[in-house]
Every structure is written in structure tokens, then in C-alpha cells.
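Q:
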Amino acid sequence: MTSPVNQLLTAMTTAILADAGISALVGPDGIKDRRLLRSPEPYLTVGDVTVTDLSTDDDGLLEAQVVLQAWSSMSRREAEALAALVRGLLQDAALPLATASLVSLRHLKTVSRRDIKTGLFLAEQQWRAVIG
Numbered sequence: 001m002t003s004p005v006n007q008l009l010t011a012m013t014t015a016i017l018a019d020a021g022i023s024a025l026v027g028p029d030g031i032k033d034r035r036l037l038r039s040p041e042p043y044l045t046v047g048d049v050t051v052t053d054l055s056t057d058d059d060g061l062l063e064a065q066v067v068l069q070a071w072s073s074m075s076r077r078e079a080e081a082l083a084a085l086v087r088g089l090l091q092d093a094a095l096p097l098a099t100a101s102l103v104s105l106r107h108l109k110t111v112s113r114r115d116i117k118t119g120l121f122l123a124e125q126q127w128r129a130v131i132g
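For the sequence shown, our numbering assigns the number 1 to the initial residue and increments by one for each residue that follows.
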């Protein structure tokens, strides 16, 4: 059995890749679990995932803070546009989970910058999911 958080990440990935606008930008392999050298941009990566137990009586209520990163070699505008498409798709989305239920999925913030190490443009989104 997979954890509710892994189910959430799978559901988010599935929804993103099923969106025609996002898929047109990133392609069928456009979401990765880490930044890969020589990967064509733009693409998305899953960054940090922080899980907090919110349950009060072993009801299994969890909060997951998920970071999604949009990378671009072309421009900050492209990275931010990709992040905006993801935000429009996932904000309050009712994503199906196999053994749990998604209570809420909310965008908290997006920070964009140029990554010093790679020179790539990055738009980092922080999401808050409550899973029951």
C-alpha cells in the first residue's frame, strides 16, 4: 500500500500531465523528481515535501507541504507562465486518492528567481494539502 502523500504526488503528476496546455510545454516526461542535467526545458520537478500529523484521535489527518518547481532556460516569464498554468489547474482540485481523501489543496506562494548554480530560471510553488 502506498502512503497518502505518495498518492497525492501521483495524483498531482497525473493531473498535470493530462492537461493539454501544460503537456504542450513540458512534453510527456516533463515532471521529474529531481533536476537532470541536459534535460530539455521547460520542465517541472517535485521539490521538498514536508508532512505533519494533524490527527487528534488517530484519524490519520495529515498536512503535506509540497514544493513544485518550474524550470526554464529561456526566461523567468516562461517559468512563471508554466507555474501559473499549474496553479490554475491544481488550486482546489478534487484529486482522487486510492486509500485516503484529499480534504483541500491550496497554493500558498510562488517565488521566482534565477538559479545561481545552473543559470536557469526557476518558479517555485509551495502547496498545502490536507489529507484525511
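Using N, Cα and C, we set each Cβ at its ideal position, and we do this for glycine too.
1. Within this structure, are the beta carbons of L89 and D33 separated by less than 8 Å?
2. Using a Cβ-Cβ cut-off of 7 Å (strictly less than) and excluding sequence neighbours within five positions of L25, which residues of its own chain qualify?
3. Can you list, in chain order, the stretches of the alpha helix (DSSP H) that have 4 or more residues and sit fully within the stretch 34-99?
4. Keeping to the same chain, check which residues put their C-beta closer than 6 Å to that of I22; ignore five residues upstream and five downstream.
5. Under the rule that 16 or more other beta-carbon atoms within 10 Å means buried, what is P4, buried or exposed?
6. Looking only at C-alpha atoms, which of G119, D59, P28, L108 sits nearest to A79?
7. Going along the chain, which residues of its own chain have a beta-carbon closer than 6 Å to the beta-carbon of Q91, five neighbours each way excluded?
8. Measure the C-alpha to C-alpha separation of L62 and D53 and round it to an integer number of angstroms.
9. Report the residue from L44, R35, V66 whose alpha carbon sits nearest the alpha carbon of L105.
A: Concretely, from the data shown:
1. As a first step, residue 89 is located in the sequence shown; it is residue number 89 there, counting from the start. As a first step, residue 33 is located in the sequence shown; it is residue number 33 there, counting from the start. Their beta carbons are not under 8 Å apart, which means L89 does not touch D33 by this criterion.
2. Translated into positions along the sequence shown, residue 25 becomes position 25. Result list for L25: P42, L82, in chain order.
3. Those alpha helix (DSSP H) runs which fall completely within the stretch 34-99 and span 4+ residues are 76-90.
4. Counting from 1 along the sequence shown, the entry for residue 22 is found at position 22. These residues qualify, in order along the chain: I16, L85.
5. The residue given as residue 4 occupies position 4 in the sequence shown. Classification for P4: buried.
6. The residue you call residue 79 lines up with position 79 of the sequence shown. The shortest C-alpha separation from A79 is found at G119.
7. Translated into the one-based positions of the sequence shown, residue 91 becomes position 91. Answer for Q91: H107, listed in chain order.
8. By 1-based counting over the sequence shown, the position of residue 62 is 62. By 1-based counting over the sequence shown, the position of residue 53 is 53. Distance between the alpha carbons of L62 and D53 is about 5 Å.
9. Taking the first residue of the sequence shown as 1, we reach residue 105 at position 105. When each option's Cα is compared against that of L105, the closest is V66.
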